[in-house]
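Undergrad: There's a structure below that I have some questions on.
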Amino acid sequence: MTTIGQRIAYYRKRANLTQEELAEKCSVTPQAVSKWENDISAPDISLFPVLAGLFNVTCDELLGVEKETPKVVPEELVDTGKMLLKLKVISSDGDIVKMNLPLAMAEPFLKSSNINVGNDALKNIDFSQIIAMAKAGTVGKLLEVNSADGDIVEIWVE
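With positions in the sequence shown counted from 1, the corresponding number in this note's numbering is that position plus 94.
This is the structure we're talking about:
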């Protein structure tokens, strides 16, 4: 695991900036940048978006936040009777729908239902593929959709 100082140094060098140049762009002293990179101090929180922009990364990347990726459970350990399908929809209108169903119940529900929460974000989701992935042992966040209208859909299997 790297420290925030190590990440700042890495991204600064990748952007071909000297400590002095970075300091000037952040309106701090070169000594401040040196202290950041040596983990003696950290940048003010208001500088994180500035640093992320200069380095062409997200604030999460700068902070070292690791994205959750789906994992595959060995087939012999897959127990669909204990798996949950979690669906979360936040519409741009402020509607919030959360569904937590055992996978065994979710499959017939999704086949027989027309889930409609007033947005188009769900219309193109092939739930049979989601179920197939879960049955094959894929767990974690399987889908995240952020529509142009501001709708958010997340589908997890645990």
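Quick reminder that beta carbons are idealized off the backbone N, C-alpha and C, glycines included. Computed from a predicted structure; not experimentally measured.
Please confirm whether GLN113 and VAL122 have their CB atoms less than 7 Å apart.
TA: In this structure, the beta-carbon distance from GLN113 to VAL122 does not fall below 7 Å.
Undergrad: By DSSP, does MET177 sit in helix, in strand, or in coil?
TA: coil
Undergrad: Using the Cα positions of LYS192 and LEU178, report the straight-line distance between them to the nearest angstrom.
TA: 13 Å
Undergrad: With H, G and I counted as helix, E and B as strand and the rest as coil, what does DSSP make of LYS192?
TA: strand
Undergrad: For the alpha helix (DSSP H) that GLU157 lies in, which residues bound it at each end?
TA: What sits at residue 157 in the sequence shown is Leu, not Glu. Residues 153 to 157.
Undergrad: If I measure Cβ to Cβ from ILE47 and keep anything under 8 Å in the same chain, skipping five residues before and after, which residues do I get?
TA: Since the first and last residues shown for the chain are 95 and 252, residue 47 lies out of range.
Undergrad: Name the DSSP beta bridge partners of ILE184, please?
TA: ILE190 and ILE246
Undergrad: Mind checking which residues open and close the alpha helix (DSSP H) that includes LEU116?
TA: 113 to 120
Undergrad: In its own chain, which residues sit with a C-beta less than 6 Å from the C-beta of ARG106, not counting the 5 before and 5 after it?
TA: LEU116
Undergrad: Could you please give the first and the last residue of the uninterrupted beta strand (DSSP E) stretch that includes GLY231?
TA: No beta strand (DSSP E) contains GLY231, which DSSP labels as neither H nor E.
Undergrad: By the 10 Å Cβ neighbour count, where 16 or more other Cβ atoms means buried, how is LEU156 classified, buried or exposed?
TA: buried
Undergrad: Taking one C-beta from the stretch 193 to 201 and one from the stretch 126 to 141 each time, how about it: are there three or more such pairs within less than 8 Å?
TA: The stretch 126 to 141 and the stretch 193 to 201 do not touch, with fewer than three beta-carbon pairs separated by less than 8 Å.
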